[in-house]
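*Asks:* In the working numbering, the protein residues as written are -14 to 501.
Even for Gly, the Cβ is constructed at its ideal location relative to N, Cα and C.
Encoded structure:
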């Protein structure tokens, strides 16, 4: 008979397959699978090709109903993902337009990759895209005219993210996308799309038949650029004026990108902070804090004082800037009707032709702009009703007309109100919900000296600015109707609208502003 040996503890015996813990699973990898004795079965990449990228810059292999998918990961080493929608018609497409000679259109000053091997090593899509945009701006191009940067207009506000985060991939980046096409297709199918749909088939002059050809942002030189045939994996070099697909790519390594939908914190929200959070700011607010009210005696108060006349709502205390409490004024930018001849169209003296990318720093003083417009009108005998109405009115809530007339020369009378600049309208829309909350401080029916006044202040989601885009158009600033909508600036309304040789003078909304 043998002896029985007893032990004070019982140790788990683990199979050698359990070999991973924090000591040997590092970097962008995570421990997965079963565990034994503190060791795990697998050490896998945290992010894989085919994973879904969400607007908060998090990734997941699963579709999450409470998040907004924006792209599908295709290159984990370089942390790149391709946009799930928005396939565009070209990157190196040629269209001669103002400011560019034909030779310049065919030969942008980008680095030239003259051999296929060199082109396939190009991983600088973001730099290529930025360089082309810089070139366009140097030629006084708005970048929305077409030319060969035709993907740019559709970038604005894509998924609420800034234009600058999206770019057209270089040839080496397209090669990696092709290598992981099956994984990307699986991710896209979770979103109701497909890789074939993303790299759609169309007639390709480069191939001479229907094919899924996608432009890279890699320039070859001598009027040629590089493209990728996603049907065959072949690399193509072709004249840049040929039409082909163009994709949008994003680098997801920089963390969450806070855009203008994240505006709420304790400084401007009384209660109900909610939604997504980014940089300490929230997406929604149930009860916005009110803004100060400006009165006819030039005092400012956070409370409504019924014995005084309200002039406006303060939107920038540092700049001492307020909007008219009465809200929107509407008039036409030019005098006339649809049967009038086209008025003299010239660049207004004293105003710049502002570009979208610098609109927040171009001619930022609306009062200066308004005076320049009216002075120019007097010079060429052209009237500007919208500017004249705002500049020549004393706006005061509930003040009788005879009192307004008596105050025409006061600090809030004629010559004090103005059509704001785009920069000032952006400040207005930064505070839009607070302006609305402040407008509700006053009853829609008030009484002064035995007289009753009933009026509901009206605030629009888009306003004309006093900034020129050209001698024919001015800039409009548009706010968002929901937290998902980005702010936008565009030149929707002409200055005036010219069609068929006649001038159309539709009324446009204007938000009167004043310095106090």
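1) In whole angstroms, give me the CA-to-CA distance for residue 213 and residue 156.
2) Are the CB atoms of residue 62 and residue 38 nearer to each other than 8 Å?
3) How far does the beta strand (DSSP E) with residue 201 in it extend, from its first residue to its last?
4) Pick from 422, 393, 314 and 193: whose alpha carbon is nearest that of residue 445?
5) DSSP has residue 432 in a bridge; who is on the other side?
6) Return the bridge partner residues of residue 498 from the DSSP annotation.
7) Do residue 299 and residue 280 have their CB atoms nearer than 8 Å?
8) What residues are listed by DSSP as bridge partners for residue 249?
9) Report back the beta-carbon spacing between residue 187 and residue 195 to the nearest angstrom; my notes put them in contact at under 8 Å.
10) For residue 260, which residues in the same chain have their Cβ closer than 8 Å to its Cβ, ignoring the five residues on either side in sequence?
11) Would you mind sorting residue 167 into buried or exposed? The rule is 16 or more other CB atoms within 10 Å of its CB.
12) For a test of the three-state rule: what should DSSP assign to residue 118, helix, strand or coil?
13) Does DSSP put residue 453 in a helix, a strand or coil?
14) What does the alpha-carbon distance come out to for the pair residue 379 and residue 48?
15) Does DSSP put residue 165 in a helix, a strand or coil?
16) Name the two residues that bound the continuous alpha helix (DSSP H) containing residue 60.
17) Any contact between the stretch 245 to 263 and the stretch 388 to 401? By contact I mean 3 or more CB pairs, one from each, below 8 Å.
18) Is residue 227 helix, strand or coil by DSSP?
19) Measure how close the beta-carbons of residue 462 and residue 414 come, nearest whole angstrom, since I'm counting them as under 8 Å.
20) Among 24, 42, -2 and 15, which residue has its Cα nearest to the Cα of residue 6?
21) According to DSSP, is residue 395 helix, strand or coil?
22) State the start and end residues of the unbroken beta strand (DSSP E) segment that holds residue 420.
23) Assuming residue 114 contacts residue 152 under a Cβ cut-off of 8 Å, what Cβ separation, rounded to an integer in Å, is found between them?
24) Using 8 Å as the threshold, is the C-beta distance between residue 427 and residue 289 below it?
25) State buried or exposed for residue 364, treating a residue as buried only when at least 16 other CB atoms are found within 10 Å of its CB.
26) Among the residues of its own chain, which have a CB less than 6 Å from the CB of residue 64, if the five just before and after it don't count?
27) Check residue 215 in the structure and name its three-state DSSP category.
28) Per DSSP, which residues does residue 341 bridge with? Please list them.
29) Could you have a look at residue 314 and say whether DSSP puts it in helix, strand or coil?
30) Going along the chain, which residues of its own chain have a beta-carbon closer than 7 Å to the beta-carbon of residue 442, five neighbours each way excluded?
31) Apply the 10 Å Cβ neighbour rule to residue 247 and answer buried if 16 or more other Cβ atoms are within range, or exposed otherwise.
32) Output yes or no for whether 8 Å exceeds the beta carbon distance between residue 191 and residue 223.
33) Can you tell me which residues form a DSSP beta bridge with residue 279?
34) Taking only three categories from DSSP, how would you classify residue 380?
35) Classify residue 444 as helix, strand or coil using the three-state DSSP reduction.
36) Report buried or exposed for residue 68, applying the criterion of at least 16 other Cβ atoms within 10 angstroms of its Cβ.
*Replies:* Per the coordinate set shown:
1) 7 Å
2) Not closer than 8 Å, so no.
3) Residues 198 to 206.
4) 314
5) 437
6) 308 and 403
7) no
8) 267
9) 7 Å
10) 267, 268, 269 and 468
11) exposed
12) helix
13) Here DSSP, grouped into helix, strand and coil, assigns residue 453 to strand.
14) 56 Å
15) Residue 165 falls in the coil class under three-state DSSP.
16) First-last for residue 60: 54 to 60, but that is the beta strand (DSSP E), not the alpha helix (DSSP H).
17) no
18) coil
19) 7 Å
20) 24
21) coil
22) No beta strand (DSSP E) contains residue 420, which is instead part of the alpha helix (DSSP H) from 417 to 424.
23) Yes, residue 114 and residue 152 are in contact; Cβ-Cβ is about 4 Å, under 8 Å.
24) yes
25) exposed
26) 236, 237 and 238
27) coil
28) Answer is none; residue 341 lacks a bridge partner.
29) strand
30) 310, 311, 312 and 424
31) The Cβ neighbour count for residue 247, taken over all protein chains shown within 10 Å, is at least 16; the residue is labelled buried.
32) yes
33) 285 and 297
34) coil
35) coil
36) buried
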